Amino acid sequence: MTTIDPMIVAKAEAWLNSDIDEKSKGDIRLLLESPDPTELIDSFYRDLEFGTGGLRGIMGVGSNRVNVYTIAMATQGLANYLLQSFPGEEIKVAITHDNRINNTLFANTTANVFTANGIKVKYFRDLRPTPMLSFAIRHFGCKSGVMVTASHNPKEYNGYKAYWDDGGQVVAPHDKNIINEVQKITSFDKVNWNKNDALIEYIEEDFDWIYLNEVKKLSLSPNEIMVNRAMPIVFSPIHGASGKMVPAALKIYGFENIHIVKEQAEPDGNFPTVIYPNPEEAEALTMAIALGKKVGAELVLASDPDGDRYAACVPGENGEYELLNGNQTATLLTYYLLNKWREYGKLTGDQFMVNTIVTTELIDAICHDSGVTCYSVLTGFKNIAEVIRRLEGKKQFIGGGEESYGYLVGDFVRDKDAVSAAAIFSELVAYYKTKGQSVQDVLAEIYMQFGFYKESLISVTKKGKDGAEQIQHLMTGFRTNKPTTINGIKVTKIVDVKESKVFDVENGTEAELDMDKSNVIQFYLEDGSKISARPSGTEPKIKYYFSVNEALPNADAYRAVEASLDEKIEGLKKFFG
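Using this note's numbering, read the sequence shown as starting at -15 and increasing by one per residue.
The following block contains the structure:
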C-alpha cells in the first residue's frame, strides 16, 4: 500500500477549505476518499513548476495541475515582475490561445489578472497560432505576451508560454526572475482578482493581413510559383489554431490548388482523429496523406495545435508519401535560402543563421560553404530568438531552426513559425520542380556535396514523481560513470552542458564550455556519430537524439550508405534502451 506524505493531505485539505469553486472541492473530496492515492499524490505533491518557458501540465484540481488557480497564481507572479521591470511605464501584454480544452477560460483568467494589476491587454478575438502572438508583441509595443497552449502534448495537458518584449520566449535573466516572483505567490489570497475589463482591447481579423503581408515579403521565387500555381498541396491543422492562416499564406504566395483535410479543419481540443496531435508522428498525418493520394498532391503539410511547428510529406520513389524529419526540412530550407540569397547577390558576409545543439550538423556545413556564420545554441527556440535580439542592427538573420520541426525565416517573428515556414517550403518545392528536381533529388545533391547525415530520436516518458526520479537517476549515471564505448564504438568526447565541461576521453583532459548551463549531455564517437541526452524541463521525459554520417562516394551508393546509417542508428537506440 502506498504511504501518503501527511504534507500532501494537508495541502489538499487546505485547498478544500479555501474559497475555490464547489466543483473543484468535489474533485478534491473524491481524491481524498479514493482507495488508490496515486492521483492525490501526483496532484498535490508539489506546486506546478513555472519553468523557463512558462507553465505546462495535466489539467485538473490541485497544486500540481493546470487550473484557473495555478494559472492565476503564475500570472500574478509574471504581473509583479512586469511592474518591477517597467516602473512608471505603460505596460501592455498580448494574449491568445489555441484550440485546447479550457483555453478560453485560461486565457480569460490570464487577462483578468493582468488587468487587475493595471496592465493593459491586447487580446486576440479568436484563436491564432503562436507566431502571430510573437509578431503582435513587437507590432503593438507590448512588454510581454502569453500563448495559452500545451503545444503538441496530449489532450489532457494545457498551460502557457510566456514572452518578453522582443517577441521571444523569456530568457535570462527574466526567466529566473519571473520564476522567483511566481514562487512568492504561495496562496490564492496573493492573487489580485479584481479585473478591469476597460483595460482589454481586442485584436481583430484585420491584423491577419498585417502579419500575412510580412510573410509575403519572404518569398524568393514568385516566378516559379506562378509556373506551378496549380501544384496540388494538402494541409491539415490537426484540429489546431493554424487552420485559417496556413491556407491564407499559401494563397497569398500564389498557390491555387490547396486541399484542406476537412475532418481536421475545425478546432477541437479532444483531437478526435489522432492519437497525439504531433506532426512528428506519422500516425497524425494519416488523413492528410490519404487526401494527398486522392488528389495527387506534390506536398502534404500539417502543423501542430499552436501552429509553430510544421511537417512536410512528399511523394517517394514508390509512390508512397515520405514524412521528412525536422532535420531534413531544416536542411532543405537552409540550402534553398542560401542558394537564393547567393543568386540575388545578397550574401555580403553580414548574414547569420542559428540552430540548436541537437540539430543536424549538416546545416553548419552548408552555412560554412556559403560563408555564413551559423550559431549553435541550447535547445529551445527562445535561445535562437535571443541571438537574433543580440545581433539586431549588427548582422542580418536569414533563418534558423531546430530538429523538432520548428523553423523561422526572417526576424519579424521571434519564435518558430509554421505559417511562414510552410509557405516557404511550398515555394521550395515549386522552385526545384521547375528545374526538374524532386525533394529527394535535392537531398541527394546536398548529401553528395556535404556528406550523408541521418538523425533519429527516441523519447522515453515516465509518470509522476517516481518517473521524474528515474530520469534524474539516469542523467546522474551518465555523469558519474562516463562511458568509454557506446555500442562497441569508442567515445572520443563528452560535452556536459550542465557542468560546462568538455571531456576529451582519449587524452583524459577537460576544458570549459562557453555556453549557458542546461541539463544536457552529449557523446561524440570515433566514427562521427553524436548522441545527445536531454530530459524535459516540464514533464518526466528524456529524449535521446542520434546523429550519424558518412561520405557518399557517388549517387549509385545512396541506398547502400543509407542502409549502413540506419543500421548504425538502430544499434545506438538499442544501447540506450
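From the three backbone atoms N, C-alpha and C, an ideal C-beta is built for every residue, glycine too. As the structure is a computational prediction, the values presented were derived from the model and not from experiment.
Exposed unless 16 or more other CB atoms sit within 10 angstroms - verdict on residue i
i           : result
residue 82  : buried
residue 229 : buried
residue 346 : buried
residue 443 : exposed
residue 638 : In this structure the chain extends from -15 to 561, so residue 638 is not present and cannot be described.
residue 558 : exposed
residue 194 : exposed
residue 186 : exposed
residue 401 : buried
residue 312 : buried
residue 514 : buried
Of the listed residues the options, nearest to residue i (C-alpha basis)
i           : options            : result
residue 128 : 141, 364, 145      : 145
residue 358 : 327, 399, 315      : 315
residue 215 : 8, 475, 418        : 418
residue 12  : 44, 40, 39, 37     : 44
residue 422 : 299, 469, 354, 540 : 299
residue 87  : 544, 132, 255, 397 : 132
residue 318 : 412, 80, 452       : 412
residue 168 : 156, 57, 309       : 57
residue 545 : 61, 437, 8, 265    : 437
residue 334 : 372, 501, 306, 297 : 372
residue 331 : 66, -9, 380        : 380
residue 489 : 506, 539, 502      : 506
residue 461 : 495, 428, 504      : 504
residue 18  : 4, 301, -7         : -7
residue 116 : 396, 538, 179, 511 : 396
residue 208 : -13, 414, 552, 527 : 414
residue 113 : 48, 192, 338       : 192
residue 287 : 307, 213, 455, 324 : 307
Reduced DSSP category for residue i - H, G, I as helix; E, B as strand; rest coil
i           : result
residue 105 : strand
residue 186 : strand
residue 507 : strand
residue 392 : strand
residue 448 : helix
residue 126 : coil
residue 63  : helix
residue 68  : helix
residue 150 : coil
residue 337 : strand
residue 80  : strand
residue 110 : coil
residue 498 : coil
residue 461 : helix
residue 45  : coil
residue 131 : strand
residue 201 : coil
residue 380 : strand
residue 29  : coil
residue 513 : coil
residue 533 : strand
residue 427 : helix
residue 169 : coil
6 Å Cβ shell around residue i - same chain, five flanking residues per side excluded
i           : result
residue 46  : 27, 28
residue 200 : 236
residue 38  : 144, 145, 146
residue 322 : 354
residue 197 : none
residue 150 : 373, 398
residue 60  : 97, 169, 175
residue 205 : 411, 415
Under 9 Å between C-beta atoms of residue i and residue j
i           : j           : result
residue 118 : residue 152 : yes
residue 477 : residue 525 : no
residue 250 : residue 260 : no
residue 376 : residue 340 : no
residue 42  : residue 50  : yes
residue 121 : residue 93  : no
residue 392 : residue 410 : no
residue 244 : residue 220 : yes
residue 494 : residue 482 : no
Contact set for residue i: own chain, Cβ-Cβ below 7 Å, skip 5 residues either direction
i           : result
residue 63  : 97, 98, 101, 103
residue 469 : 475
residue 563 : There is simply no residue 563 to check, as the chain begins at -15 and stops at 561 in what is shown.
residue 2   : 172
residue 134 : 40, 84, 141, 142, 143
8 Å Cβ shell around residue i - same chain, five flanking residues per side excluded
i           : result
residue 76  : 103, 104, 105, 106, 124, 125, 126, 127
residue 139 : 84, 85, 253, 254, 255, 261
residue 109 : 186, 187, 188, 189
residue 467 : 475, 507
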